[in-house]
Amino acid sequence: MRKRQPRFLPVSRKEAARLRIDQFDIIIVSGDAYVDHPAFPTALIGRVLWEEGYSVGIIPQPDWKGRDDFLALGAPRLFFAVAPGNCDSMVNNYTPARKRRSKDVYSPGGKPRRPDRAALVYSDRLHALFPDVPIVLGGIEASLRRFAHYDYWSDRVRQSVLADSPAHLLVFGMGEQQLREIARRLAAGEKMGEMPPIPGTVEKVPLPDLDPERYPGLLEIPSYTAVREDKEAYARAFALHYREQNPLNGRPVMQRHPKCIIVQNPPAPPLPTPVLDAVYELPFTREAHPAYDQPVPALEPVRFSLTSHRGCFGGCSFCAITHHQGRIVQSRSIESLVREATRLASLRGFSGVITDVGGPTANMYGMGCARWQTAGACPDKRCSPACPSLSVSHSRQKELLARLRQVPGIRKVFIGSGIRHDLLVADSYSLLPDLCAHHVSGHLKLAPEHVSPHVTDLMGKPRADIFTAFVAAFEKIQEGKKKRQYILPYFMSGHPGCTVADMVALAEFMRDHGFRTEQVQDFTPTPMTASTCMYHTGLDPFSLEPVHVPRGREKAVQRALLQYWEPRNQPLVREGLLMAGRADLIGDGRKCLVPAVSAPGYRKGKGKVTRPAGRSPR
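Taking my numbering, the leading residue of the sequence shown gets 9, the next gets one more, and so forth.
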């Protein structure tokens, strides 16, 4: 029997009592504050399970050094679900330079409250207090650490997070279907370890107990011990499991660990449009739980946004979307999004502006491939606008945006998510006039990332000529405007394959096109991406060809070249130009990147550029 959805899912015994709940069916332990918004996985999963008839309690950001928060709701009838948060806890807690961050946007008041490696810490605490209650790991941290993986923060290969934890099962990808099935089976009396394989889950099998017949087509990849000791084995293992992330024909994948075998079942199938619509139309308040006396900073940018689709076929090597949401784009119906926009217009605090309509890549809405329904995404090649099977029409997105603009109470509909400019070029810029007229406030976010062909190829990004063609088309639209718009490009330093000479070429490109980035993207190796595999192994995992990996001082030089005009970067930029044999760019000439002598007020420190005491930054 389905339960009526409460205004907020309960986080205390008092709230449970008001709902006449003596024992929760499922308790979610989250590394984020509880924000009742579909962009926050705890709220989304919690409401999906509640809609199925299960009572769900939430323990948000428990004090992991003590017991009380973990004991606060008692033991659930079915299982604990551990969701470390919207972001991997190590990415969330540390900068690319491995310095601890002072703020956490997913916490009230921005005050950090989550432990490092939250999936392990939370599951350890729960198992110690409730040894007989099943624990299910989920969320992006668990999803992207499901196999043996290189961990940038400890600079070593770690075991699968499931092998390292006392949890019984791991859910990878978007977890609605998996968690519903797990709950259904446990409620029916089945036991962990005895349930048939569930798509989109990873199992932990004791070493002597593996039954190959349970997993038809089982593929074994190099073991944890092998990938820890041999970088080529690591690269081969990555390529093997990368090619099995297909919900239609992906095979189960096993990896031996010292005390168990990790078995990944094939990914869960994409949600059909009606089911996806129903998920996002659940009664989210789009507010933080009223128990908080300080705002949760991550809410405000997304509070009045709409998720139009899931999945991304872009194939960026440094992005983990392929291993989490998958390459098959799942789009909501226009009618569902219009209904959600209508509800937005009635909410307290809504000013008439929808801040974003998008997904991992905003302009993939409504796109698809003729193969996806029968064969899934191609395992051996990236999707490309040049592929005749891939539809890159923006017609559905144009219709959607036009309908949203007509909703009473809506003044503006913006696209805040990044877009793929190569898709716009491939579709003859059909969306661009509407985009500039109605959906860009001042800056259009694009991510060309680099301009050197071999670097963009390793990144999985379109080449520079496509970007320059788009820039020309965009600038033509700006002609004659009193209030013009600008492109906000994102470029990256330090990516595997990128040399100092490549960064000099990028700096020259930025100089010639008048681009100056305020934010610098320095490549950070995150779990389970192709780029991280390259960083750790020095090999392209798909060809096993050697790849240059910038480290240490070179990485700092590359980062400085992204902002060559900043006085504080001049010593490093000058150093980089000399390394690349480009002394011609040092001096006072029109094409020069830096003067021959550093700007006054700055000095070179040991390994870094420092400001003298008493000088405030610009």
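Here a beta-carbon is modelled for each residue, glycine too, at the ideal position from N, C-alpha and C.
- Residue state for S110 is assigned as coil, using DSSP reduced to three classes.
- Between the alpha carbons of A127 and R413 lies a gap of roughly 42 Å.
- For the set F550, I594, T507, the Cα lying nearest the Cα of Q566 is the one of T507.
- Rounded to the nearest whole angstrom, the CA to CA distance from P230 to H265 is 10 Å.
- The shortest C-alpha to C-alpha distance from E149 to any of Y130, G560, H297 is the one to Y130.
- One thing to note: A245 has its Cβ no nearer than 7 Å to the Cβ of V261.
- In the DSSP assignment, M262 falls outside any alpha helix (DSSP H) and within the unbroken beta strand (DSSP E) covering 261 to 264.
- The count of Cβ pairs closer than 8 Å, one atom from the segment 156 to 172 and one from the segment 343 to 352, stays below three, leaving the stretches out of contact.
- Apart from sequence neighbours up to five positions away, the residues of its chain that approach R193 with a beta-carbon distance below 7 Å are M203, ordered along the chain.
- Your pair A385 and I336 checks out as a contact, with CB atoms roughly 6 Å apart and the cut at 8 Å.
- Ranked by Cα distance from E237, the first of K73, T545, G258, F87 is T545.
- Burial check for L569: the Cβ neighbour count within 10 Å reaches 16 or more, so the residue is buried.
- The closest CA to that of G82, considering only N94, Q31, P70, is found on Q31.
- Separation of R21 and D76 (C-alpha to C-alpha, rounded to the nearest whole angstrom) is 13 Å.
- Counted as a single uninterrupted DSSP element, the stretch harbouring V459 is not any alpha helix (DSSP H), since DSSP gives it neither H nor E.
- Rounded to the nearest angstrom, the gap between the Cα atoms of Y160 and L187 is 30 Å.
- With distances taken between CA atoms, A306 lies nearest to P120 out of P120, F550, Y494.
- Restricting attention to S115, L439, V99, the CA atom closest to the CA of D124 is found in V99.
- Under the DSSP definition of a beta bridge, P205 lacks any partner.
- Just so you know, the alpha carbons of K199 and D217 end up roughly 16 Å apart.
- Going by DSSP, Q272 is part of the beta strand (DSSP E) stretching over 268 to 272.
- Annotation: S436 is outside any beta strand (DSSP E) and is labelled neither H nor E by DSSP.
- For a cut-off of 8 Å, the C-beta gap from G367 to R318 is around 6 Å, short enough to register as a contact.
- Rounded to the nearest angstrom, the Cβ distance from L440 to F482 is 7 Å, consistent with a contact under 8 Å.
- If only uninterrupted beta strand (DSSP E) runs of at least 3 residues are considered, those enclosed by the segment 176 to 259 are 177 to 179, 209 to 214.
- The beta carbon of L547 sits closer than 8 Å to those of K239, E240, A243, C541, E553, P554, V555, all from its chain and outside the five residues before and after it, given in chain order.
- Secondary structure at V19: coil, using DSSP grouped into helix, strand and coil.
- Secondary structure of G54 (DSSP, three-state): helix.
- DSSP assignment within the segment 514 to 577 yields the following whole alpha helix (DSSP H) runs of 4 residues or more, N-terminal first: 538 to 545, 560 to 569.
- The beta carbon of C600 lies closer than 7 Å to those of L593, I594 in the same chain, with the five residues before and after it left out.
- In this structure L137 is exposed. Its beta-carbon is surrounded by fewer than 16 other beta-carbon atoms within 10 angstroms.
- Here the C-alpha atom of Y498 lies approximately 48 Å from the C-alpha atom of D219.
- In the DSSP assignment, P497 is bridged to L454.
- Look at E343 here: in three-state DSSP terms it is helix.
- Inclusion of A41 and S115 in the CB contact set at 7 Å is warranted, their separation being smaller than that value.
- Below 8 Å, enough C-beta pairs join the segment 367 to 383 and the segment 315 to 333 to call them touching: three or more.
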